[in-house]
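Here the structure comes first, spelled out in structure tokens, and everything after it is commentary.
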Amino acid sequence: MFAIDRRILARIEPVTKRVLIVDPNPHAARLLTDIVKALGARDIIVEAEEARALKAAAALEPGIIFIERTGQGLDGESLARRIRRSDMDCRRAPIIMVTAEATATTILGARDAGVHEFLRKPFTSGDLLKR
19 MFAIDRRILA RIEPVTKRVL IVDPNPHAAR LLTDIVKALG ARDIIVEAEE ARALKAAAAL
79 EPGIIFIERT GQGLDGESLA RRIRRSDMDC RRAPIIMVTA EATATTILGA RDAGVHEFLR
139 KPFTSGDLLK R
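The sequence shown begins at 19 in the working numbering and counts up by one.
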């Protein structure tokens, strides 16, 4: 798929062991799944709805979480806030918000909810690796 320096893979390996992807769009979720697999992810759970994503986060305790900003049955900011305010171990995991609309308002709202980074659609594997 793409070549990655082994030192970079070694550095991100602890975070990418367990990954939670929350996206109601199955095609977008599949693309992200393929990329994180290439980065060494072993356990990947994909959920489309906020309630199921919270249950998955509690069960998986992911090292990194990707959340689509909006979608049917999903408010990405609300989900990020609920994870941050929970007592789950993953409440400190990096959260990357995936969105096609990265305006100043959406970025501010997501930052206030506890999001670490934004990944603007369309994105490449290189864009993801930079995050």
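All C-beta atoms in this analysis are idealised placements derived from N, C-alpha and C, irrespective of residue type, glycine included. This structure is a prediction, so every number in the text was calculated from the model and none was measured.
Following the continuous beta strand (DSSP E) through residue i, name the residue where it begins and the one where it ends.
{"i": "Asp61", "result": "61-65"}
{"i": "Arg36", "result": "36-40"}
What is the C-beta distance between residue i and residue j, in whole angstroms, given that I count them as a contact (C-beta under 8 Å)?
{"i": "Leu78", "j": "Val40", "result": "No, Leu78 and Val40 are not in contact; Cβ-Cβ is about 12 Å, not under 8 Å."}
{"i": "Ile114", "j": "Ile82", "result": "7 Å"}
Consult DSSP for residue i and reduce its assignment to one of helix, strand or coil.
{"i": "Glu135", "result": "strand"}
{"i": "Gly81", "result": "coil"}
{"i": "Met19", "result": "At Met19, the pLDDT of 47 sits below 50, so the modelled position is not reliable; the number obtained from the coordinates is stated separately. Coil."}
{"i": "Glu68", "result": "helix"}
{"i": "Gly91", "result": "coil"}
{"i": "Thr117", "result": "strand"}
Applying the criterion that 16 or more other CB atoms from any shown protein chain within 10 Å of the CB defines a buried residue, is residue i buried or exposed?
{"i": "Met19", "result": "No answer about Met19 holds up, because its pLDDT of 47 lies below 50 and its placement is not dependable."}
{"i": "Thr51", "result": "buried"}
{"i": "Gly94", "result": "buried"}
{"i": "Leu97", "result": "buried"}
{"i": "Ala69", "result": "exposed"}
{"i": "Leu38", "result": "buried"}
{"i": "Leu146", "result": "buried"}
Considering only the beta carbon of each residue, do residue i and residue j sit closer than 7 Å?
{"i": "Ala120", "j": "Arg138", "result": "yes"}
{"i": "Pro80", "j": "Arg109", "result": "no"}
{"i": "Glu86", "j": "Val116", "result": "yes"}
{"i": "Glu65", "j": "Ala56", "result": "no"}
{"i": "Arg99", "j": "Ala131", "result": "yes"}
{"i": "Pro42", "j": "Gln90", "result": "yes"}
{"i": "Ile63", "j": "Ala74", "result": "yes"}
Return the first residue and the last residue of the alpha helix (DSSP H) that residue i is part of.
{"i": "Thr51", "result": "44-56"}
{"i": "Asp105", "result": "Taken as a continuous stretch (DSSP letters only), Asp105 belongs to no alpha helix (DSSP H), as it is neither H nor E."}
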